[in-house]
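*Asks:* Before I ask anything, let me first share the structure, which is written out below as structure tokens.
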Ligand SMILES: [Mg+2]
């Protein structure tokens, strides 16, 4: 169960994910969450730096699809602005929207990543669909609708617990040096 909620990569913002870095990870298709990931919930446009990031991915030949639980009209408007196809009302955390987006792009799951700001939507949907999952810190979460804000405290607790678990795992490593070499065990 924990695996389905654990992102393979966590970054502060999409701007850390340049085309070269994504290519080096073996990726060529990206499913992009919209609200909190590419733009603030109440804004219609992405910040100029994010628009430039999208352009750099397009130029580098990445296949891109927006993947949002938002309504068709609002997300469709945004999709036209950034000129990326969109799957709206994606019903994340269910994996069906991811699969539909991958079919639209002709993308293979093992070369696709979902990038989103919510564990209980983006990460879970991506994990269930078998794609690489990247969690970003939400942009201006105070603007989110109540049903998203409701999930945030639980999400924060889960991410803190995950960080402790990872740190704890490292602390419980045992190294044994002997004339025959070094043995290493890690306990969780
Ligand atoms: Mg979001």
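Residue numbers (the numbering used here): 163 to 350.
Glycine included, every Cβ here is placed at the ideal spot set by N, Cα and C.
Owing to the predicted nature of the structure, the values given are computational and were not obtained by experimental measurement.
Could I get the ranges of all uninterrupted alpha helix (DSSP H) runs contained in the segment 258-282, with 4 residues as the minimum, in chain order?
*Replies:* List check, alpha helix (DSSP H) in window: 258-267.
*Asks:* Taking the beta carbon of residue 318 as the centre, do at least 16 other beta carbons fall within 10 Å, making it buried, or is it exposed?
*Replies:* Here residue 318 corresponds to residue number 156 of the chain shown, with the count starting at 1. It counts as exposed.
*Asks:* Alpha carbon to alpha carbon, how far is residue 188 from residue 273?
*Replies:* Position 26 of the chain shown holds residue 188. Position 111 of the chain shown holds residue 273. When rounded, the distance between both Cα atoms is 6 Å.
*Asks:* Is residue 199 close to ligand 1? I mean its beta-carbon at under 7 Å from any heavy atom of the ligand.
*Replies:* Position 37 of the chain shown, counting from 1, holds the residue named residue 199. Yes, since a heavy atom of ligand 1 falls inside the 7 Å radius drawn around the Cβ of residue 199.
*Asks:* Residue 280: beta carbon under 7 Å from a heavy atom of ligand 1?
*Replies:* By 1-based counting over the chain shown, the position of residue 280 is 118. It does: the Cβ of residue 280 is within 7 Å (strictly closer) of some heavy atom of ligand 1.
*Asks:* List the residues that DSSP assigns as beta-bridge partners of residue 294.
*Replies:* The sequence position of residue 294 within the chain shown is 132, counting from 1. In the DSSP output, where bridge partners are listed per residue, residue 294 has 275.
*Asks:* Going by C-alpha distance, which of 176, 219, 164 is nearest residue 185?
*Replies:* Locating residue 185 in the chain shown gives position 23, counting from the first residue. Closest by alpha carbon: 219.
*Asks:* Consult DSSP for residue 236 and reduce its assignment to one of helix, strand or coil.
*Replies:* Sequence index remark: in the chain shown, residue 236 carries index 74 (1-based). The answer is helix: DSSP assigns residue 236 an H, G or I state.
*Asks:* Taking only beta-carbon atoms, is residue 250 less than 8 Å away from chain C?
*Replies:* Absent here is chain C; the protein component of the structure consists of one chain.
*Asks:* Rounded to whole angstroms, what is the Cα-Cα separation between residue 265 and residue 323?
*Replies:* By 1-based counting over the chain shown, the position of residue 265 is 103. By 1-based counting over the chain shown, the position of residue 323 is 161. C-alpha separation (whole angstroms): 35 Å.
*Asks:* Quick one: Cα of residue 172 to Cα of residue 326, how far?
*Replies:* Position 10 of the chain shown, counting from 1, holds the residue named residue 172. Position 164 of the chain shown, counting from 1, holds the residue named residue 326. When rounded, the distance between both Cα atoms is 15 Å.
*Asks:* Indicate, with yes or no, if ligand 1 has a heavy atom lying under 7 Å from the CB of residue 182.
*Replies:* As a working mapping, residue 182 is identified with position 20 in the chain shown. Not so, every heavy atom of ligand 1 lies at least 7 Å from the Cβ.
*Asks:* Would you call the segment 210-226 and the segment 303-310 touching, i.e. three or more CB-CB distances under 8 Å?
*Replies:* They do not touch, by the three-pair rule.
*Asks:* Would you say residue 190 touches ligand 1, meaning its beta carbon is less than 7 Å from a heavy atom?
*Replies:* On the chain shown, position 28 is the one that residue 190 refers to. Not under cutoff, so the answer is no.
*Asks:* Looking at the unbroken beta strand (DSSP E) that takes in residue 229, where does it start and where does it end?
*Replies:* Residue 229 sits at position 67 when you count from the first residue of the chain shown. Counting along the chain, the beta strand (DSSP E) containing residue 229 begins and ends at 225-229.
*Asks:* Can you list, in chain order, the residues of its chain with a C-beta nearer than 8 Å to that of residue 206? Leave out the 5 residues immediately preceding and following it.
*Replies:* For the purposes of this step, residue 206 is taken as the residue at position 44 of the chain shown. The answer, listed in chain order, is 239, 240, 243.
*Asks:* What residue does the alpha helix (DSSP H) around residue 212 start on, and which one ends it?
*Replies:* The count along the chain shown starts at 1 and reaches residue 212 at position 50. Segment 210-221, the alpha helix (DSSP H) holding residue 212.
*Asks:* Taking buried to mean at least 16 other C-beta atoms within 10 Å of its own C-beta, is residue 193 buried or exposed?
*Replies:* Residue mapping note: residue 193 aligns to position 31 of the chain shown, counting from 1. It counts as buried.
*Asks:* Judging by CA-CA distance, which residue of 329, 279, 183, 293 is the nearest neighbour of residue 313?
*Replies:* Within the chain shown, numbered from 1, the residue matching residue 313 stands at position 151. Per the Cα distances, 279.
*Asks:* So, residue 210 versus residue 201, is the Cβ gap smaller than 8 Å?
*Replies:* For this step, residue 210 is matched to residue 48 along the chain shown. For this step, residue 201 is matched to residue 39 along the chain shown. In this structure, residue 201 does not lie closer than 8 Å to residue 210 by Cβ.
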